[in-house]
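Here the structure is laid out as structure tokens; the discussion comes afterwards.
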Amino acid sequence: MYRRISLFKQRPKNVPWIWCAIAAILLQLAYSEIMISVHFAEEKSRFTFTGFQWIVTAGVYSWIVFIVSPFLIILVSEVIKHYDYIHHQKNMRRLRIMFETKLGMWSPK
Numbered sequence: 000m001y002r003r004i005s006l007f008k009q010r011p012k013n014v015p016w017i018w019c020a021i022a023a024i025l026l027q028l029a030y031s032e033i034m035i036s037v038h039f040a041e042e043k044s045r046f047t048f049t050g051f052q053w054i055v056t057a058g059v060y061s062w063i064v065f066i067v068s069p070f071l072i073i074l075v076s077e078v079i080k081h082y083d084y085i086h087h088q089k090n091m092r093r094l095r096i097m098f099e100t101k102l103g104m105w106s107p108k
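Quick note on numbering that gives the first Met the number 0: the sequence shown kicks off at 0 and runs consecutively.
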């Protein structure tokens, strides 16, 4: 959401954005469920599943992936934000030192 501000320090205030993000996640979940079910239906002959057991098996794996993946994505995003914040702070310190040095070089004594 923000480049350097952690999601846990400042909550998102844009309500329409939150609803659109939830809708996009749900649409992706539905699309992936359909694609996984179709794939398992085509590959049903390779497995020894009987009846609708292949739908349950495909559903369990995809539900596990879709329950874990948002948390994993948020975790990776927060780690990247942390390293970006550290890099930004170091860069700002370096630029401040360079500016003060150049300013001090030309200032009268």
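Virtual Cβ for every residue (Gly too), placed ideally from N, Cα, C. Since we're looking at a predicted model, the values are computed, not measured.
Check: Can you give me the C-alpha to C-alpha distance between D83 and I21, rounded to a whole angstrom?; Outcome: 26 Å
Check: Touching or not, the stretch 87 to 99 and the stretch 5 to 24, by the rule of three or more beta carbon pairs under 8 Å?; Outcome: no
Check: Of all the options L28, E77 and I96, which has the alpha carbon lying nearest to the alpha carbon of Y60?; Outcome: L28
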